[in-house]
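Taking it in order: structure first as structure tokens, then the write-up.
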Amino acid sequence: MTRTPVNVTVTGAAGQIGYALLFRIASGQLLGADVPVKLRLLEITPALKAAEGTAMELDDCAFPLLQGIEITDDPNVAFDGANVALLVGARPRTKGMERGDLLEANGGIFKPQGQAINAHAADDIRVLVVGNPANTNALIAQAAAPDVPAERFTAMTRLDHNRALTQLAKKTGSSVSDIKRLTIWGNHSATQYPDIFHATIAGKNAAEVVNDEKWLAEDFIPTVAKRGAAIIEARGASSAASAANAAIDHVHTWVNGTADGDWVSMGIPSDGSYGVPEGLISSFPVTVKDGKYEIVQGLEINEFSRTRIDASVKELEEEREAVRSLGLI
Ligand SMILES: NC(=O)C1=CN([C@@H]2O[C@H](COP(=O)(O)OP(=O)(O)OC[C@H]3O[C@@H](n4cnc5c(N)ncnc54)[C@H](O)[C@@H]3O)[C@@H](O)[C@H]2O)C=CC1
Ligand SMILES: O=C([O-])CC(=O)C(=O)O
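Numbering-wise (the numbering used here), the sequence shown opens with residue 1 and increments by one.
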């Protein structure tokens, strides 16, 4: 094997998403079947032993692509030379909470991690924030890393995107692979807006195939937007394997690109497109080529969509104000 290993840092490595994620990274599903990886696992001190247990299991898989595992409770060590950082470590919500309720508990984690990324990460660092509230935590980390291009900080809305694909496929009796150009707009929260007006199903406009605005407004959108809470209600714990799967999808697409004629949803710093204030980390439709994403431009936004995008963006602005007043940005 001649390729230089890619350094992948995972925070919250001993948590439930960490456990579902690490084995897939080490097996090559994050970056590609020919890309060797070195793992850096960041945990809080009391969870280091559990992270060591996970590392022992990773060893026991004898993954040919896994070229090393380092475990630490020091962000400066964890992000040293990191090419990809998956910021998962944060408290999950429990029944009855909204993700925004975690802002105070979790926001403080992301500023020092952003600072450590700024000081130590590799020049090509790409950051995905999974820990909730993901968009605003990504904003905190990005604000703490002024030397890293802002666009390298992203938040995960791919789980919402994947949820929407399946709900739409079930409604229309189609396969998820027939569906293209679906979009999640806004925040990874109950205000997010899954948009099917530009989506296609086997080449036909999805909204026309569905032809049922009541289902859209009263079933599809709330089902996707409140799916995280439904999982907590059913499992007694928040989504883990599906979240890890979405993290794999997000980074894999960011590195390897989108398929021709399709796009994905990513929480990214706004450039002002579609009336989303510049700098907010909001979900957009993006295409990716040569490791760079671009917001899909020129989509017509109807009244139904406009109201919903605006509501989610307003929530992001409120979260930004909240972390500003906490001194986190
Ligand atoms: N964006 C998304 O679509 C999704 C986000 N999430 C979020 O992901 C986060 C993690 O979820 P789980 O793995 O289920 O939680 P978990 O509680 O099982 O694991 C979290 C881990 O993070 C560690 N941790 C806490 N503070 C840390 C720090 N400063 N540095 C490094 N590690 C730290 C904890 O020790 C724990 O091992 C939660 O905030 C959850 O809400 C979960 C599902 C989907
Ligand atoms: O709902 C939660 O708290 C966990 C999460 O973000 C999701 O499943 O989308």
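Note that the Cβ used here is the ideal one computed from N, Cα and C, for glycine as well. What you are looking at is a predicted structure, and each value in this text was computed from that prediction instead of being measured.
- Counting only unbroken stretches of 3 or more residues, the beta strand (DSSP E) elements lying wholly within the region 94-138 are 126-129, in sequence order.
- Distance from the CA atom of aspartate 101 to the CA atom of isoleucine 231, rounded to whole angstroms, is 18 Å.
- Take arginine 40, set aside five residues on each side of it, and the residues of its chain with a beta-carbon closer than 6 Å to its own are Thr9, Glu70 and Ala78, in chain order.
- When secondary structure is reduced to three states using DSSP, methionine 266 falls in the strand class.
- Between the alpha carbons of alanine 155 and asparagine 135 lies a gap of roughly 5 Å.
- DSSP places serine 283 in the strand class (E or B) of the three-state scheme.
- In the structure shown, the three-state DSSP call for asparagine 205 is strand.
- Only buried fits aspartate 160, as 16 or more other CB atoms lie within 10 angstroms of its CB.
- When beta bridges are read from the DSSP output, glycine 186 appears opposite Ser283.
- At least one heavy atom of ligand 2 falls within 7 Å of the beta-carbon of serine 238.
- Nearest Cα to valine 255 within the set Gln29, Thr11, Ala234 and Ile184: Gln29.
- About 5 Å separates the beta carbon of asparagine 7 from that of alanine 82, a gap short enough to meet the 8 Å contact definition.
- For glutamine 167, the closest C-alpha among the options Asp124, Pro112 and Lys226 is that of Lys226.
- Where glutamate 151 is concerned, there is no enclosing beta strand (DSSP E), because DSSP gives it neither an H nor an E.
- In this structure, the alpha-carbon of aspartate 219 lies about 39 Å from that of alanine 33.
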